[in-house]
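Taking it in order: structure first as structure tokens, then the write-up.
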Amino acid sequence: DQQVKQNSPSLSVQEGRISILNCDYTNSMFDYFLWYKKYPAEGPTFLISISSIKDKNEDGRFTVFLNKSAKHLSLHIVPSQPGDSAVYFCAATNSGGSNYKLTFGKGTLLTVNP
Amino acid sequence: DGGITQSPKYLFRKEGQNVTLSCEQNLNHDAMYWYRQDPGQGLRLIYYSQIVNDFQKGDIAEGYSVSREKKESFPLTVTSAQKNPTAFYLCASSIATGTGVYTFGSGTRLTVV
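Keeping their order, the protein sequence lines are chains A and B.
The numbering used here puts the first sequence at residues 1 to 114.
The numbering used here puts the second sequence at residues 1 to 113.
This is the structure we're talking about:
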């Protein structure tokens, strides 16, 4: 039972264009969402997060959009750069729960071509 | 600089042997976690601990054991009961709140031959 789904295993975009990575969730208790970026043989690093009380959060080139009714979020990277090439994981949690577990999606490999 | 350290980066073991992966953090985080990454599987939770001397099973705890005797340390033992131990193992820590961002270590690649 996959509660966080990233249905696109990979995405390829040209440098300077927009990258859009998608994530869907099924657990209605999730109210806090995060995106992590991971390079090969390294640990993931935190990128950006959003609370369910918002529908958008922006940090430089990165913007996360949340559609609660559709249980869908997306990460937009504008403009995309070759250094953005990595695996991106979507994660979700119930911030009011009794533990602090994050549930991760399977990840999307983004390749930005020069 | 505060951070989380996993050692060793690469580990080779013979089938049937137990092996312990180290995870140390100096971030003063209460919560610590172990994840496993396999190709196409994303990150799957093995064990987590929210406080010293307490830990809980995650989604794939079978064949693994942990201890949390100190706040800074959360070692993971991969036992001979784990059927497919070859994987990339990630340790993480966070403050003890529902919106605590995880800090990850750089991982240990375990190969069982």
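Ideal Cβ positions, reconstructed from N, Cα and C, are used throughout, including at glycine.
Computed from a predicted model, the values in this text were never measured in an experiment.
Residue interval of the beta strand (DSSP E) (run including residue i)
i: A/Val13; result: 10-14
i: B/Gln56; result: 54-57
i: A/Leu109; result: 108-113
i: B/Leu27; result: Here B/Leu27 belongs to no beta strand (DSSP E), and DSSP marks it neither H nor E.
i: B/Thr79; result: That residue, B/Thr79, is in no beta strand (DSSP E); it is neither H nor E in DSSP.
i: A/Ile18; result: From DSSP, A/Ile18 is part of no beta strand (DSSP E); its letter is neither H nor E.
Interface residues of chain C facing residue i [CB-CB closer than 9 Å]
i: B/Gln25; result: In summary, chain C is missing from the structure at hand, where the protein chains are A and B.
Per-residue DSSP class, three states only, for residue i
i: B/Gly63; result: coil
i: B/Gly42; result: strand
i: A/Asp84; result: helix
i: A/Asn67; result: strand
i: B/Glu15; result: coil
i: B/Arg36; result: strand
i: B/Ser49; result: strand
i: B/Ser22; result: strand
i: A/Tyr100; result: coil
i: A/Lys56; result: strand
i: A/Ala41; result: coil
i: A/Phe62; result: strand
i: B/Thr111; result: strand
i: A/Thr93; result: strand
Environment of residue i [buried if 16+ CB atoms lie within 10 Å]
i: B/Ala92; result: buried
i: A/Tyr39; result: exposed
i: A/Ile50; result: buried
i: A/Gly43; result: buried
i: A/Thr108; result: buried
i: A/Pro114; result: exposed
i: A/Gln2; result: exposed
i: B/Pro85; result: buried
i: A/Asp31; result: buried
i: A/Thr93; result: buried
i: A/Val78; result: exposed
i: A/Phe127; result: Since the first residue of chain A shown is 1 and the last is 114, residue 127 of chain A is not available in this structure.
i: A/Ser80; result: buried
i: A/Ile53; result: exposed
i: B/Val113; result: exposed
i: B/Tyr48; result: buried
i: B/Tyr64; result: buried
Identity of the residues DSSP links to residue i by a beta bridge
i: B/Phe104; result: B/Ala92
i: A/Ser49; result: A/Leu34
i: A/Asp24; result: A/Lys5, A/His72
i: B/Ser7; result: B/Ser22
i: B/Pro71; result: One point to set straight first is that residue 71 of chain B is Lys, not Pro, in the sequence displayed. BP columns for B/Lys71 are empty, so no partner.
Residue i Cβ short of 6 Å to the ligand GDP heavy atom set
i: B/Glu62; result: Of the ligands one can find in the structure shown there are none, so the ligand GDP has no counterpart to examine.
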